[in-house]
Every structure is written in structure tokens, then in C-alpha cells.
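Participant: Quick one: the structure is below, and I'll ask about it shortly.
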Amino acid sequence: MTPVISIRNLTKTYQMGENAVHALRSISLDIQPSEFVTVVGPSGSGKSTLMHILGCLDQPTSGQYFLDGKDVSRLSDDEISAVRNNKIGFVFQGFNLLTRTSALENVELPLLYSKDPVPAAERRRRAMEALAAVGLESRSEHHTNQLSGGQQQRVAIARALLNNPSILLADEPTGNLDSRTSVEVMDIFQSLKEERGITIVLITHEPDVAAYGSRIVAFRDGVIVSNEANTQRRTARAELVDLPVAVEEVG
Amino acid sequence: MIITKNSVLIALKALRRNKLQTALTMIGMTIGVATVLTMIALGSGAQSAIQDQVRAAGMNLIVVTAGNYQLRQDAVPDDAIEPAAFHPDDRFVPQLRTATWDPRTRLQLTRSFFHPEDDPMEKHDHPTSRQRLGDSEAGLGSAATLTIPDADAIRKISGVQFVSEGIHENAHIAFEGKRWFTRMHGDDVSMPMIRRAWTFPHGRYFSKREEANAEQVIVLGSIVSEKLFGDQNPVGKTVTLWNQPFKVVGVIGSGSWMVAPSAGDDQFDAIYLPVTTVQKLLNLSKLNDITVTTVSTGDVTRVSKAVADLLRARHHIAFRTPDDFTVTSQARKALAKGGMRPEVARAVVGNVSGLEKVTLDQLGKTLDRASATMTALLASIATVSLIVGGIGIMNIMLLSVTERTREIGIRRAVGARSGDVLAQFLLESILLSVTGGLLGILIGYLVSGSISKFVQWSTSVSPLSVAISFGISAAVGIFFGYYPARQASRVLPITSLRYE
Numbered sequence: 001m002t003p004v005i006s007i008r009n010l011t012k013t014y015q016m017g018e019n020a021v022h023a024l025r026s027i028s029l030d031i032q033p034s035e036f037v038t039v040v041g042p043s044g045s046g047k048s049t050l051m052h053i054l055g056c057l058d059q060p061t062s063g064q065y066f067l068d069g070k071d072v073s074r075l076s077d078d079e080i081s082a083v084r085n086n087k088i089g090f091v092f093q094g095f096n097l098l099t100r101t102s103a104l105e106n107v108e109l110p111l112l113y114s115k116d117p118v119p120a121a122e123r124r125r126r127a128m129e130a131l132a133a134v135g136l137e138s139r140s141e142h143h144t145n146q147l148s149g150g151q152q153q154r155v156a157i158a159r160a161l162l163n164n165p166s167i168l169l170a171d172e173p174t175g176n177l178d179s180r181t182s183v184e185v186m187d188i189f190q191s192l193k194e195e196r197g198i199t200i201v202l203i204t205h206e207p208d209v210a211a212y213g214s215r216i217v218a219f220r221d222g223v224i225v226s227n228e229a230n231t232q233r234r235t236a237r238a239e240l241v242d243l244p245v246a247v248e249e250v251g
Numbered sequence: 001m002i003i004t005k006n007s008v009l010i011a012l013k014a015l016r017r018n019k020l021q022t023a024l025t026m027i028g029m030t031i032g033v034a035t036v037l038t039m040i041a042l043g044s045g046a047q048s049a050i051q052d053q054v055r056a057a058g059m060n061l062i063v064v065t066a067g068n069y070q071l072r073q074d075a076v077p078d079d080a081i082e083p084a085a086f087h088p089d090d091r092f093v094p095q096l097r098t099a100t101w102d103p104r105t106r107l108q109l110t111r112s113f114f115h116p117e118d119d120p121m122e123k124h125d126h127p128t129s130r131q132r133l134g135d136s137e138a139g140l141g142s143a144a145t146l147t148i149p150d151a152d153a154i155r156k157i158s159g160v161q162f163v164s165e166g167i168h169e170n171a172h173i174a175f176e177g178k179r180w181f182t183r184m185h186g187d188d189v190s191m192p193m194i195r196r197a198w199t200f201p202h203g204r205y206f207s208k209r210e211e212a213n214a215e216q217v218i219v220l221g222s223i224v225s226e227k228l229f230g231d232q233n234p235v236g237k238t239v240t241l242w243n244q245p246f247k248v249v250g251v252i253g254s255g256s257w258m259v260a261p262s263a264g265d266d267q268f269d270a271i272y273l274p275v276t277t278v279q280k281l282l283n284l285s286k287l288n289d290i291t292v293t294t295v296s297t298g299d300v301t302r303v304s305k306a307v308a309d310l311l312r313a314r315h316h317i318a319f320r321t322p323d324d325f326t327v328t329s330q331a332r333k334a335l336a337k338g339g340m341r342p343e344v345a346r347a348v349v350g351n352v353s354g355l356e357k358v359t360l361d362q363l364g365k366t367l368d369r370a371s372a373t374m375t376a377l378l379a380s381i382a383t384v385s386l387i388v389g390g391i392g393i394m395n396i397m398l399l400s401v402t403e404r405t406r407e408i409g410i411r412r413a414v415g416a417r418s419g420d421v422l423a424q425f426l427l428e429s430i431l432l433s434v435t436g437g438l439l440g441i442l443i444g445y446l447v448s449g450s451i452s453k454f455v456q457w458s459t460s461v462s463p464l465s466v467a468i469s470f471g472i473s474a475a476v477g478i479f480f481g482y483y484p485a486r487q488a489s490r491v492l493p494i495t496s497l498r499y500e
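Right under this line is the structure:
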């Protein structure tokens, strides 16, 4: 099977004043379709840098990055933008939603930048579908500041899924959420993997969260220290049953 | 950068997110454009007012002057006059009959261009007008070849609107010991219709009956009235001219800001008498000039020609013999003379005697140029406020680039190209300035309208000035929006997401 993500000898060096900071030191990694890979490591280990390069938000200093078999490390800015638009979905710790904008409009944002124009009705229909998938269709007209953290993150997930991306990149998606909401978000990720076969790369510094993935890649000082299938995989759906229902979810 | 329907949509949505900021920025632009439009409207209003007045007062004017000054030979002295008796069809034949009995009639015929009363060697068998009237100045400065019957014949030409006979002299007028040296015009009753810009602050012009009876009535120009009577109403008072009593029937003022009455001008530092009265008192049968207006301005050339043909026939001027009169139409003068002449410049300051000799067209042109300069000045002041508005937009846009780095990052992360970001920010700025501009055009239009309604200044909002204002606002949007937009498009996706 062709890996969705294939990186070879990837290096990233930042120049911080006089010193060169080696965020990634020649790492290689393959991620297969429908994998739920969690990347774990302490802060400064280079996992966020990896995420930015995987998400085509940043360029590696050297090495190659194949996304769906295509070398994207040397694409032009416009081509990379197109890749971000239709092959990659992002979920961030800070949600990164547009303020003073409704959930629906946030979700349909990627469609405004798609190569072939999507009619307004079609945009709306697909955005509503994506919102329904994360259980937020009733909140579509709410502005982001009227939503709870969990709801905002679900809006972000809906946005990330809108263009049916090859991979979903999540950077500390539960960092700003309470424990129940975190589990809910993890449940969404797990069901996306199981039901829709979406490849997920999740970055976290918490081993607890990393345990939801099917494979755990551990990082330290810019190198991969371990890369193993997760044998003690947690199942969010099962855990949710035991957790108290959050107040905000009622009604 | 490709601007699509979506980029416009994105920019609109972004503007909607910051309603207050959008509104405030737009107000700056609105004020700028409204100011520009109002200023241009005021300026071009002044210009079109001038054009209207010139059209009303000058362009349909034909002046027939006695004598033909273009020819050196046969030059007619300005004050030469023929004794009236050589034309039996003249009105005052009985009064002047003595002249025909002069034994040296033949000699007089050969010198007929000279005023017999001006010849020092001449022995008169009748008292000269200055002797009769006891005023040493009376009778000077009258010209030769035109007569009242000429004027009556011109009245019958089709297309002629008004005709006024004219005798012009300098004269002293006195009231209770105050004397004022001024210009005397002997005119027809139709003169106020020819000089449309006249108003009558007191009284009226003399009437047709007063003219027919050659009554001793007088109309004062506002300057003369002021010099002799101050602020008082002179109507009904009796003034002295050529030692004769004249009853004041009215005062002429200027109804046009274009011509401000001033001492020494020809219209308001002047007195107006019925031409018949002047002829009777000064013993004249001739006219200095005949002023003709045509019904339509486009008819001036044809009427001028008809007048010339008629007068040649009436004066029995043979083929290839030059005219003994000069027909001047304002239109022809305007065509012949291009640049600003010294007399025009003098006329503008209102300091020339013989203002009517300067064509109103030239005057209008000069004033037009002056008001164009004024418009340019007003517009450039207004442009400054536009630039300030533009810098306001640029400031806001630059601020928002910093403030919205995160937003830019989000957009880049979901697939916006740097060109999309450039387009968004540029369009935001253009939408701001154009919407502000359109509002400004509306407000400027309303303000100009209220100015003409309440302050009575003429304003005119031309499609051109609207187009200019709109163009300027769009240009301001592009010019001041481009730099911030470029800054925004250069924000790296990664930096923008890290930015908190």
C-alpha cells in the first residue's frame, strides 16, 4: 500500500540569532492510509515543526516529503496553498476560527478558496453536512464566541473535513479543553478513522491522549525515539459512557 | 492575483466582521468625496451662471456704430456731426430749418463730417446748444451718420428683438450744490430689456410716453445716485443737467454679481435720458450708435448682415464704397479675438469707461477662466481632505494586517494563496473607499442642492464631477490599499498561526 505520508531524511534548522536550532534532525517516517498516528514528545522536541511541515505551513531545510506520492517539499506557494486547501485538514489547539463569524461561515471557508468555484448553495449544503457530522447543525448560525470550547473545536474539525482531505492534522487539539470534551473530540477522531477511513496525525505532549491512536511516534530532540503500534489503545466511545454529561451539552 | 466573485465575497464578509471600524473608515472617505463634489459643484455652478448671463446679456447683441473707424481715409472724428437739415426725413426738421437757409450750404456740404458748431471760424445764425443751454460742455461728443429713422427701419427687420438708439456724452450733473461728472446715455425705452442684468432699486426706467414727448426725465446709475443723494431715494427729486431741470424717475443697480457698479464704469456711473430728449436739447438729429438684440443668438450673423444691407441702402452708399457705419456683433468679436486683452482685464476690475464696448463674451470668458482657477483651487483643497481620508484607510488597513495576522494565518491554512490574501485586503480597501465615495457623492449632491436652495449660490453637479469623485475614491482605495495588502499577502502561514 502506498503511504499517504512519506518523509525521507527531513531536516529543519532555525536560525535563532547566532545559534542554529535543529528542530528536526534527518527524520524518516511513513504513514499508511486510515492510520491514526499520535506524535508525542515534550515541548521543543520538534513535533510541532514536523506538524507544520506535514501541513505544508512550513518548508523543510532539506529532505523530501511525499504526500499521496507527490513531492510537496519543493512546490510553489500557490501549489502548496492548493494542497492545503484540498488534501490537508487542520485542527489546532487554539481552534483558529474566525471571530465574529458564524459557525457555518467558518466551516465553508475552505470552499471559498477552492480552485473550482463552488456555488453558494452547494457551499452551504456541504458545510451543513460537515456540521451535522460533528453534531452541531443546530448551532450553525451561532458566532464562534457563542460556542463552548468543545463546540468550537468541533466546528474546526468540521472545517478540516470539508474538502475530504487525505490527512487530518491535529496539533494539541485537546490542549484547551476539559477532560470530557477532550474525550468527545477524541471520539470524533476515532470514528472518523473507523467510519470514513481518514488518516489522522495527532500531536500531543500528553501520553494519555496519545494512547487513543493506532500508532505512537515518540519524539525527543528532533529525532524519533520510538515508532510502534499502540497495543493499549483507548476507546473514547466506551470511556464517554462513564463520564458525567457536561452542562453545556444539555439542550 | 485573481479577483473572482469569491474574493469580493470574502472581502465583504471580512468588512462585516468589523462594522464600527468599517463605518469610521468609510466616513473619512465620504467626507472627502462629498467635499470634492461640493467644491466642484460650486465652482462649475459659478461657471454656468456666468455662461447663462453672458448668453442672456451679450451674445445676441449687435452694436451699430456711426462712422467706419477701420478705414483711415474718410475717418470720421468721434464728435463730428452733420447738421440735421440735410436729411429732410429727420424728426426735428422744423427746429433745424434755419441751417438750410445758410447761404454757404454748399461749403458745409463738403465739410459735412465736421460739427458746424465746433468750427471756430464758423459764424452761426442760430445759437449753439452750449449757448442755448448755457453749458459749455453740451453738444460735445456726438457722432455722425446714424439717425432715429435708421433705428426704426432696423426694428422692422425680422429676427430683431430690441433696438435702442444711443447718444453718448460726458456730462456734469448737479443736485443742490453737489456735482458729479459722469457719462450721459440717451437711449430708448427698451434698454433695460437689452441690459438684462439691470435692477431698479428705486423707481423705474423712463416710459415710452416720456420718450415720445421728449420729456426731461432722468434715470440715475447707482453710483451717480450714491454720489448725489447718498442713501436717500432720489426718485421724484429734480437734478440739473445742461442747466436744465430733470426729474429723477429711477435708479439702476446691478442684478448680477458679474458686474459690480464702480465709479467710472459705463453702466452704473452713468445717467440715462430718453434719446429724444437729448436730441431736442442738444439740437442733434444723429446717433452715436444703435444697439440691436436678436431673438435668437444663432441669428446674429444674419441679422448683422441684414442691418448692414439696410443701412447701406438707406445711406445711399454706392457699390465698392465703404460703409459709413460699423456693425459689430458680439459673436464676431468673440471669434476674432482669442486671448485676454488689456481692456478685458480693465473691464474685470470695473474701471473702464465704455464697458459696453468690451464684449460681454470676453468678459465672460475671463470670468470663466477666473472661476475655473477658483474651482481648481477649491478642488485641490478638497483633494487634500481626500488624501487624508485615503491615509486613514491605509492606516486602518496596515493596522488590520498586524491585528489580523491570525486571521491571515487561518485563511492560509485552509488554502488561501498569497494572491487571495492580497485580493482580499485590496478589495476591502477599494470597497471601503468606493462605498464611502458613493455615499460622499450622495451627500455632496444633497449639500450642493441645499446650498443652491438656501444660500442661493448656483451649483451644478455634472456627471463629469461625479465620475471624477468616484474615480478618485476608487484610486485612493487602490493606491492606499495596495501596500497594506501586499504586507498581508507576505505574511507566512506559519508565522501567522504562531502569532497570538
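Quick mapping for you: the protein sequence lines, in order, are chains A and B.
Per our numbering, the first sequence starts with residue 1, numbered consecutively.
Per our numbering, the second sequence starts with residue 1, numbered consecutively.
We treat Cβ as the ideally placed atom computed from N, Cα and C, and that holds for glycine.
Please name the residue in B:212, B:272 and B:422 whose C-alpha comes closest to that of residue 478 of chain B.
Facilitator: B:422
Participant: List the whole-angstrom C-beta distance separating residue 33 of chain A from residue 91 of chain A, where the pair is believed to meet the contact cut-off of C-beta under 8 Å.
Facilitator: No, residue 33 of chain A and residue 91 of chain A are not in contact; Cβ-Cβ is about 19 Å, not under 8 Å.
Participant: Using a Cβ distance threshold of 8 Å, determine whether the segment 156-173 of chain B contacts the segment 287-296 of chain B, with at least three qualifying pairs required.
Facilitator: Under the three-pair Cβ rule at 8 Å, the segment 156-173 of chain B counts as touching the segment 287-296 of chain B.
Participant: In whole angstroms, give me the CA-to-CA distance for residue 172 of chain B and residue 212 of chain B.
Facilitator: 25 Å
Participant: Let me check one thing: in DSSP terms, what residues is residue 219 of chain A bridge-paired to?
Facilitator: A:224
Participant: Work out the CA separation of residue 168 of chain A and residue 339 of chain A for me, nearest whole Å.
Facilitator: Residue numbering for chain A in the displayed model covers 1 to 251; residue 339 of chain A lies beyond these limits and cannot be assessed.
Participant: Report the start-end ranges of each beta strand (DSSP E) in the segment 277-335 of chain B that is 3 residues or longer and not cut off at the edges.
Facilitator: Counting whole runs of 3 or more residues, the segment 277-335 of chain B contains the beta strand (DSSP E) stretches 289-294 and 325-329.
Participant: DSSP beta-bridge partners for residue 202 of chain B?
Facilitator: B:251
Participant: Does the ligand MN have even one heavy atom less than 8 Å from the beta-carbon of residue 185 of chain B?
Facilitator: Ligands displayed in this structure: none; no statement on the ligand MN is therefore possible.
Participant: For residue 118 of chain A, name the three-state secondary structure that DSSP assigns.
Facilitator: DSSP places residue 118 of chain A in coil when its eight states are reduced to three.
Participant: Residue 418 of chain B versus chain A: which residues are under 7 Å apart at the beta carbon?
Facilitator: Simply 77.
Participant: Identify whether residue 492 of chain B lies in helix, strand or coil by the three-state DSSP scheme.
Facilitator: Three-state result, residue 492 of chain B: coil.
Participant: Any beta carbon from chain A within less than 9 Å of residue 504 of chain B's own beta carbon?
Facilitator: Lying outside 1 to 500, the shown extent of chain B, residue 504 of chain B is not represented and no answer is given.
Participant: What residue from B:428, B:486 and B:377 has the CA that sits closest to residue 26 of chain B's CA?
Facilitator: B:428
Participant: Taking buried to mean at least 16 other C-beta atoms within 10 Å of its own C-beta, is residue 116 of chain A buried or exposed?
Facilitator: exposed
Participant: Near residue 189 of chain A, which residues of its chain fall below 6 Å by C-beta distance, leaving aside the five closest residues on each side in sequence?
Facilitator: 200
Participant: Against chain A, does residue 396 of chain B count as a neighbour if the rule is that its beta carbon must be under 9 Å from one of theirs?
Facilitator: no
Participant: At a CB distance below 9 Å, what residues from the segment 403-416 of chain B approach chain A? Give them in sequence order.
Facilitator: 406, 407, 409, 410, 411, 412, 413, 414, 415 and 416
Participant: Would you mind reading off the limits of the beta strand (DSSP E) that contains residue 8 of chain A?
Facilitator: Taken as a continuous stretch (DSSP letters only), the beta strand (DSSP E) holding residue 8 of chain A covers 5-16.
Participant: In the segment 149-170 of chain A, which residues sit with their C-beta less than 9 Å from some C-beta in chain B, listed in chain order?
Facilitator: 159, 160, 162 and 163
Participant: Could one say the Cβ of residue 199 of chain A lies closer than 9 Å to chain B's Cβ atoms, at least one of them?
Facilitator: no
Participant: Does DSSP put residue 42 of chain A in a helix, a strand or coil?
Facilitator: coil
Participant: Return the chain-ordered list of same chain residues with a C-beta closer than 6 Å to the C-beta of residue 485 of chain B, the five sequence neighbours on each side being excluded.
Facilitator: Non-local C-beta neighbours of residue 485 of chain B in its own chain, meaning closer than 6 Å and more than five positions away in sequence, comprise 422, 425 and 426, ordered along the chain.
Participant: Does the separation of the CB atoms of residue 108 of chain A and residue 162 of chain A fall below 9 Å?
Facilitator: With respect to the 9 Å criterion, residue 108 of chain A and residue 162 of chain A are classified as neighbours on the basis of their beta carbons.
Participant: For a cutoff of 9 Å on Cβ pairs, would you count residue 484 of chain B as touching chain A?
Facilitator: Output row for residue 484 of chain B: interface = no.
Participant: Relative to the C-alpha of residue 448 of chain B, which residue among B:40, B:12, B:28 and B:8 is closest?
Facilitator: Residue B:40 is the option with its Cα nearest to residue 448 of chain B.
Participant: Which residues, taken in chain order from the segment 27-42 of chain B, show a beta carbon closer than 9 Å to some beta carbon of chain A?
Facilitator: none
Participant: Can you tell me the Cβ-Cβ gap for residue 87 of chain A and residue 67 of chain A, rounded? I've got them flagged as a contact below 8 Å.
Facilitator: 6 Å
Participant: Mapping the DSSP letters down to three states, classify residue 143 of chain A as helix, strand or coil.
Facilitator: strand
Participant: From the beta carbon of residue 114 of chain A, is the nearest beta carbon of chain B less than 9 Å away?
Facilitator: yes
Participant: Is it right to say residue 43 of chain B is buried, meaning 16 or more other beta carbons lie within 10 angstroms of its own, or is it exposed?
Facilitator: buried
Participant: Checking 9 Å against the spacing of the C-beta atoms, do residue 441 of chain B and residue 470 of chain B come in under that value?
Facilitator: yes
Participant: Since I believe residue 42 of chain A is in contact with residue 205 of chain A (beta carbons under 8 Å), could you give me their beta-carbon distance rounded to a whole number of angstroms?
Facilitator: That belief holds up - the Cβ atoms of residue 205 of chain A and residue 42 of chain A are roughly 6 Å apart, short of 8 Å.
Participant: Run through chain A and tell me which residues come within less than 9 Å of residue 9 of chain B, C-beta to C-beta.
Facilitator: Below the 9 Å Cβ cutoff, chain A contributes 112 and 120 as neighbours of residue 9 of chain B, in chain order.
Participant: Tell me which same chain residues have a C-beta within less than 6 Å of the C-beta of residue 268 of chain B, skipping the five on either side of it?
Facilitator: 221, 222, 223 and 261
Participant: Going by CA-CA distance only, name the one from B:287, B:254, B:34 and B:149 that's closest to residue 168 of chain B.
Facilitator: Restricting attention to B:287, B:254, B:34 and B:149, the CA atom closest to the CA of residue 168 of chain B is found in B:287.
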